[in-house]
Amino acid sequence: MAVIVIVIIVVLMLALWLASTYNNLVSMRNLVKNGWAQIDVQLKQRADLIPNLVETVKGYASHESSVLEEVTRARSHALAAAQTQASPEQRAAAENELSRAILNLNAVSENYPQLQANQNFLDLQNQLKQIEQKIAYARQMYNDVVLKYNNSIQMFPSNIVAGMFHFIEAQFFSVAGQDREVPKVSFAAPGAPASQSTEGPFTKFMPDGQSGPEPFNAGDNQRSVQ
Numbered sequence: 001m002a003v004i005v006i007v008i009i010v011v012l013m014l015a016l017w018l019a020s021t022y023n024n025l026v027s028m029r030n031l032v033k034n035g036w037a038q039i040d041v042q043l044k045q046r047a048d049l050i051p052n053l054v055e056t057v058k059g060y061a062s063h064e065s066s067v068l069e070e071v072t073r074a075r076s077h078a079l080a081a082a083q084t085q086a087s088p089e090q091r092a093a094a095e096n097e098l099s100r101a102i103l104n105l106n107a108v109s110e111n112y113p114q115l116q117a118n119q120n121f122l123d124l125q126n127q128l129k130q131i132e133q134k135i136a137y138a139r140q141m142y143n144d145v146v147l148k149y150n151n152s153i154q155m156f157p158s159n160i161v162a163g164m165f166h167f168i169e170a171q172f173f174s175v176a177g178q179d180r181e182v183p184k185v186s187f188a189a190p191g192a193p194a195s196q197s198t199e200g201p202f203t204k205f206m207p208d209g210q211s212g213p214e215p216f217n218a219g220d221n222q223r224s225v226q
């Protein structure tokens with residue numbers, strides 16, 4: 001009789017552990033999905049800002065057609081990646097293309113003092129700067145949650161439950177090294193040289209203007225959360 005009681009207790013403890021571990025994994029997976037949704041919102045806000053920015057620049061630098069077309073084309077690629085629910089790795093590639101195009105547009109705008117003094121242009125640049133900071137912060141939060149989630153489904157004993165219920169690794173939202181070494185959005189006075197920074201559009205956002213560590217790189221075999 002005592003043996004039966006012990007067996008029942010052990011089975012109940014295992015069942016409770018299984019349920020607790022499963023619920024914890026589900027909770028973290030939902031946090032990953034929510035984190036990605038926050039990034040998606042900010043990226044779409046940035047894309048919505050681009051047409052007004054392009055039109056404003058066009059009013060003063062209409063002959064810079066190649067740069068303007070580059071921005072428009074990159075925006076289309078970014079929107080296409082969003083609409084097709086591309087993986088974080090694929091989405092990052094499209095968004096990095098748009099970031100480079102925006103920064104090229106900003107560099108060109110510095111050659112036009114009247115544009116630099118235009119209030120609408122300054123307002124758009126300020127909005128863009130704020131969105132870039134929100135993207136960087138959302139990316140940091142997302143990658144932190146992904147790291148915790150991936151550790152949970154890889155480490156013993158929670159990996160047993162993860163395997164039983166087919167939890168899969170999530171992809172980090174990364175940016176290539178060459179895309180980080182670009183000038184930031186400039187708010188210099190007309191005619192003043194633009195400041196340079198090695199902080200790219202998706203570099204980790206840290207307090208007091210400090211740069212975070214190197215971004216996480218999604219592995220070739222990593223898959224997005226289902």
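Under the UniProt record's numbering, the first residue of the sequence shown carries the number 1, and numbering increases by one thereafter. Backbone N, C-alpha and C define an ideal beta-carbon position, used for all residues, glycine too. Remember, it's a predicted structure, so these values are computed and weren't measured experimentally.
### Query
So what does DSSP say about asparagine 118, is it helix, strand or coil?
coil
### Task
Could you tell me the distance, in whole angstroms, from the CA atom of glutamine 171 to the CA atom of arginine 75?
C-alpha separation (whole angstroms): 23 Å.
### Cutoff 7 Å; reference valine 161; Cβ partners in own chain excluding five residues on either side
Leu18, Thr21, Tyr22 and Leu25
### Task
Evaluate the contact criterion for the region 139-149 versus the region 31-49: three or more CB pairs, one atom per stretch, below 8 Å.
The answer is yes - the region 31-49 touches the region 139-149, with three or more Cβ pairs under 8 Å.
#### Entry: Touching by the beta-carbon criterion (3+ pairs, under 8 Å), the region 4-13 and the region 107-118
no
### Query
Once you ignore the five residues that flank valine 67 on each side, which residues in its own chain have a CB closer than 6 Å to its CB?
Asn104, Leu105 and Val108
### Query
Under a three-way DSSP split, which group does threonine 84 fall into?
coil
### Task
May I have the straight-line CA-CA distance separating alanine 192 from alanine 138, to the nearest angstrom?
Low confidence applies to alanine 192: its pLDDT is 45, below 50, so where it sits in the model is not reliable enough to give any reading.
#### Entry: CB contact flag (phenylalanine 173, isoleucine 39, <9 Å)
yes
### Message
For glutamate 89 and serine 65, what's the separation of their Cα atoms in angstroms?
### Response
30 Å
### Task
For my contact list, alanine 92 and histidine 77 are in at a C-beta cut-off of 8 Å; report their separation, rounded to the angstrom.
Alanine 92 to histidine 77, Cβ: 12 Å. No contact.
### Query
Distance, Cα to Cα, valine 3 vs histidine 166?
Rounded to the nearest angstrom, the two C-alpha atoms are 34 Å apart.
### Query
Applying the criterion that 16 or more other CB atoms from any shown protein chain within 10 Å of the CB defines a buried residue, is threonine 72 buried or exposed?
exposed
#### Entry: Beta-carbon gap between isoleucine 131 and leucine 98 smaller than 9 Å
Not in contact: isoleucine 131 and leucine 98 (Cβ atoms no closer than 9 Å).
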